[in-house]
Structures are given as C-alpha cells and as structure tokens.
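Participant: Following this message is one structure expressed as structure tokens.
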Amino acid sequence: MARTTQHVTRVLETAQSNSAAAHSRLAASWRRSIVKHGLDPADKRPRMRVEAQDIEHRRAAMEQFLLVAAPKLDALFSLVGNSGCGVLLTDAAGVILDQRCSRSDELTFQEWGLWQGADWSEASEGTNGIGTCLAENRQVIIHRDEHFHSRNIGMSCMDAPIYGHDGRVIAALDVSSARADQTESFNRLIAAMVSQTARQIEADNFRASFPKSRIIVAHGDDSEAAVLLAVDHDDIVIGATREARKVFDLGTEPTIRAVPATDVLGRETGPSGFEKAERAAVMRALARANGNASEAARALGIGRATLYRRMKRLRIREN
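For the sequence shown, our numbering assigns the number 621 to the initial residue and increments by one for each residue that follows.
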C-alpha cells in the first residue's frame, strides 16, 4: 500500500511540474495522461476491453497483416517465453489483437489485462509500453513504476511501432513481463529483439502488400529499418516503406506520386528514351530465345524480317 501511495504522489508531483515535462519524456507522458486524458494514477477500475464483435472486426480488417506477423511472433516468443514474458501485437489504436504466452502464465497475463481485446492506448491506461509507443511513434521501455497507473507498476513493457506499406503506423509489438526480478538491463536486451522483429514484420508485410511488383532493397541511415521500394512493370515506383520515403524524399502521404525508379535511385539503371527502350526489349527477347531470331520475333509480335531491320537500326549483331 505504501509503495502505491508513493507512486501516486510521485506521478502527480512530477506531472504538475512544467520543467520536468520539458526535460523528460516520461514526465511529459505522465502529464499528458492527466491533462489530456483526464486519468487518475490511483484509479483501480477494471481495464478497458472492447467487445468481442469489435475484436473480430479489427482482426478481419488486418487479416493479411496478422497472417504475415504470426510466424515472427512465434519466433520472438520462443526466445523470451521461458523467462516469463508474453508477446503481444496490437492495432494502431492500442487494442491487443494477438498474443503469445506460456500456459503457466496465462492466468497472470489475463489478470494484468495483457490479453486479446484489452485497450492499452495511452488514453485508456496512461503511460505504458503500448500506448506510449503509439502516442510518441517510437520504441519505448516502460519499466515497472514508470507506468502511470499504480495498478500497472508490477510489469515491464518493451515496445516498438510497426509501419504499414503506406508508411503509417499499423501496429505495436510488445513484450511484457510481470516478474519482480526483471532487470532494466534485461529489458534493454529484449527491447533490441522487439525492434528487430518489428522491422522484420514490416518488411514481410510490405512484400505481401505488393505481390506483383519487383521489390528493390536499398540502404538508409537506420541499419535496422527496411528501405524497400515496390516497382511495377513500367519501372514506376508504386510503394515505399517509411524509411524509404525518408531516404528518397517521397513524402508522407499514403499514395506516393508516380516516379521512375531510376529517378528515385539517382542513377541510370534502365533505358531512357524510346530507342533505348526498344533496344532493351529486343535484347531481352533474343536472350530469352537463346539468340534464335525467329523465336524472338514471335515473342515480340513482329515478323522475322522486321526484327532484322530493327536489329540493324539499333546496331544489334546477330549471334
């Protein structure tokens, strides 16, 4: 009881300090929880849950994403599950849509509200791993008494946002633990795994969102973030991950403007102009036909004589 009272007093005093909020992200989140969301750190009411029908609606809206993410959730849980941690995946609103935990920990996680359908937005639970990660659009670690509500100070949460194919936040990946002996150094180790898994899910989801496109892998300043471009059959960029949008200055709107991949990449990797495009098409047809002019002509939909004339004009020698 004394610990709870001390926590509530600390949160209230810190949140009321303008200087603390200006110099500490944690203090700013505590202040936001009180001023913006009207929450009380001493509140003991049951945690918010959405209705079963709402859960199904949310899951159906993200069906492809959940299918893509599932193997990565399994892999992450195989690494952290034996240490008493659970793996949670939420939507962009902070509602848990999927989770992994050991059978022996199920009751504990259900009692803590770390279960499908629970609303862990900052507006609902104040400062917490999931909600603050989504509110601040960044990776966070919220360790025990860094939580806003006194009812949550027994848990540690490590979270990372996941960005959709349009560059906007689509989910949060969380690893939570209610173990009293969980250390901050161990939290940092888990946080690194959470971040890596989030980026893997992001990359896999991007590829699944553009199944008929060519995916170009580029490099950026963030070694973990996926810098991927989706290019159609006309060599036009039709999709880009969040990091790719930053690297290539493609803007933040969900739909990016049509731009040739060669322009985006800053180098000439394909034909420019009709003559070069025609030459490239003829060379591809000949290569696929192993140099057989008749077969190449059929593939191009022209006569053999026409192909020879074009080859002469384009200075392509017959093998």
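Ideal Cβ placement from N, Cα and C applies to all residues, glycine included.
Near Ile750, which residues of its chain fall below 6 Å by C-beta distance, leaving aside the five closest residues on each side in sequence?
Facilitator: Stepping through the sequence shown from its first residue, residue 750 is reached at position 130. Around Ile750: Thr710, Gly714, Trp740, Asp779, Ala792, Asp794.
Participant: Helix, strand or coil: how does DSSP classify Leu693 here?
Facilitator: If you number the sequence shown from 1, residue 693 lands on position 73. It is helical.
Participant: Does DSSP put Ile810 in a helix, in a strand, or in coil?
Facilitator: Locating residue 810 in the sequence shown gives position 190, counting from the first residue. Looking at Ile810 - three-state DSSP - the assignment turns out to be helix.
Participant: Using a Cβ-Cβ cut-off of 6 Å (strictly less than) and excluding sequence neighbours within five positions of Leu870, which residues of its own chain qualify?
Facilitator: Position 250 of the sequence shown, counting from 1, holds the residue named residue 870. Ala860, Ile876.
Participant: With a threshold of 16 other CB atoms inside 10 Å of the CB of Gly706, please say whether the residue is buried or exposed.
Facilitator: The residue you call residue 706 lines up with position 86 of the sequence shown. The residue in question, Gly706, is buried, as its Cβ has 16 or more Cβ neighbours within 10 Å.
Participant: Is Met931 helix, strand or coil when you go by DSSP?
Facilitator: The count along the sequence shown starts at 1 and reaches residue 931 at position 311. Helix, per DSSP.
Participant: So, for Asn807: in the same chain, excluding its five sequence neighbours on each side, which residues have a beta-carbon less than 7 Å away from its beta-carbon?
Facilitator: Sequence index remark: in the sequence shown, residue 807 carries index 187 (1-based). For Asn807, where only same-chain residues beyond five positions count, the Cβ hits under 7 Å are Ile761, His763, Ser776, Met778.
Participant: Could you compute how far the alpha carbon of Thr629 sits from the alpha carbon of Ile836?
Facilitator: Along the sequence shown, one-based indexing puts residue 629 at 9. Along the sequence shown, one-based indexing puts residue 836 at 216. Roughly 53 Å between the two C-alpha positions.
Participant: Does the separation of the CB atoms of Ile782 and Ile810 fall below 7 Å?
Facilitator: Here residue 782 refers to the residue found at position 162 of the sequence shown. Here residue 810 refers to the residue found at position 190 of the sequence shown. In this structure, Ile810 does not lie closer than 7 Å to Ile782 by Cβ.
Participant: Ser914: buried (16+ other C-beta within 10 angstroms of its C-beta) or exposed?
Facilitator: One-based indexing of the sequence shown puts residue 914 at position 294. Exposed.
Participant: Among Ala662, Arg720, Ile675, which residue has its Cα nearest to the Cα of Ala622?
Facilitator: As a working note, residue 622 is residue 2 in the sequence shown. Looking at the Cα atoms, Ala662 is the closest of the given residues.
Participant: Identify whether Met778 lies in helix, strand or coil by the three-state DSSP scheme.
Facilitator: Translated into positions along the sequence shown, residue 778 becomes position 158. Correct three-state label for Met778: strand.
Participant: Given a cut-off of 7 Å, decide if Gln759 and Ser833 are closer than it, judged by their beta-carbon atoms.
Facilitator: Start at 1 with the first residue of the sequence shown, and residue 833 comes out as number 213. Start at 1 with the first residue of the sequence shown, and residue 759 comes out as number 139. The answer is no: Cβ separation not under 7 Å.
Participant: Could you check which residue in Gln736, Leu727, Ala712, Trp735 has the C-alpha nearest to that of Arg788?
Facilitator: Translated into positions along the sequence shown, residue 788 becomes position 168. Ranking the options by Cα distance to Arg788, first place goes to Ala712.
Participant: Determine, using beta-carbon pairs with one atom in the stretch 637-648 and one in the stretch 680-690, whether at least three such pairs fall under 8 Å.
Facilitator: Not touching, per the Cβ criterion.
Participant: Would you say Arg720 and Phe685 are within 7 Å of each other, going by their C-beta atoms?
Facilitator: Reading the sequence shown from its first residue, position 100 is the one you call residue 720. Reading the sequence shown from its first residue, position 65 is the one you call residue 685. No. Outside cutoff.
Participant: Helix, strand or coil, according to DSSP, for Gly701 in the structure here?
Facilitator: Within the sequence shown, numbered from 1, the residue matching residue 701 stands at position 81. Residue state, collapsed to three classes: helix.
Participant: Have a look at Arg827 and Ser639 and give me their C-alpha separation to the nearest angstrom.
Facilitator: Your numbering for residue 827 matches position 207 in the sequence shown. Your numbering for residue 639 matches position 19 in the sequence shown. Approximately 45 Å between the Cα atoms of the pair.
Participant: In three-state DSSP terms, what is Ile773?
Facilitator: Mapped onto the sequence shown, residue 773 falls at position 153. Three-state DSSP puts Ile773 in coil, outside helix and strand.
Participant: Could you pull the DSSP bridge partners for Gly706 from this structure?
Facilitator: Within the sequence shown, numbered from 1, the residue matching residue 706 stands at position 86. Note: Gly706 sits in a beta bridge opposite Ser796.
Participant: Please identify the residue among Arg865, Phe729, Arg908, Gln736 whose C-alpha is closest to the C-alpha of Glu671.
Facilitator: Numbered from its first residue, the sequence shown carries residue 671 at position 51. Residue Gln736 is the option with its Cα nearest to Glu671.
Participant: Which complete alpha helix (DSSP H) runs does the stretch 858-925 hold, if anything under 4 residues is left out?
Facilitator: You should have 862-867, 881-885, 894-908, 913-920.
Participant: Can you find a heavy atom of the ligand ADP that lies under 6 Å from the Cβ of Thr629?
Facilitator: Inclusion of the ligand ADP in the displayed structure is not the case, the ligand content being empty and no account of it being possible.
Participant: By the 10 Å Cβ neighbour count, where 16 or more other Cβ atoms means buried, how is Ala897 classified, buried or exposed?
Facilitator: Position 277 of the sequence shown holds residue 897. With fewer than 16 Cβ atoms within 10 Å of its Cβ, Ala897 is classed as exposed.
Participant: Suppose you measure from the CA of Val879 to the CA of Asp786; what does that come to, to the nearest Å?
Facilitator: For the purposes of this step, residue 879 is taken as residue 259 along the sequence shown, with counting starting at 1. For the purposes of this step, residue 786 is taken as residue 166 along the sequence shown, with counting starting at 1. In a straight line, the C-alpha of Val879 is about 16 Å away from that of Asp786.
Participant: Identify whether Asp674 lies in helix, strand or coil by the three-state DSSP scheme.
Facilitator: On the sequence shown, position 54 is the one that residue 674 refers to. Correct three-state label for Asp674: helix.
Participant: In its own chain, which residues sit with a C-beta less than 7 Å from the C-beta of Arg669, not counting the 5 before and 5 after it?
Facilitator: Along the sequence shown, read from residue 1 onward, the residue named residue 669 stands at position 49. Closer than 7 Å at Cβ, skipping near neighbours: Gly737, Ala738, Asp739.
Participant: Check Arg723 in the structure and name its three-state DSSP category.
Facilitator: Reading the sequence shown from its first residue, position 103 is the one you call residue 723. Helix at Arg723.
Participant: Less than 8 Å between the CB atoms is what I'm expecting for Arg930 and Val902, so what's the real figure, rounded?
Facilitator: Within the sequence shown, the letter at position 310 stands for residue 930. Within the sequence shown, the letter at position 282 stands for residue 902. So it is a contact: roughly 6 Å between Cβ atoms.
Participant: Indicate the three-state DSSP secondary structure (helix, strand or coil) for Arg645 in the structure shown.
Facilitator: To locate residue 645, count along the sequence shown from 1; it is residue 25. Correct three-state label for Arg645: helix.
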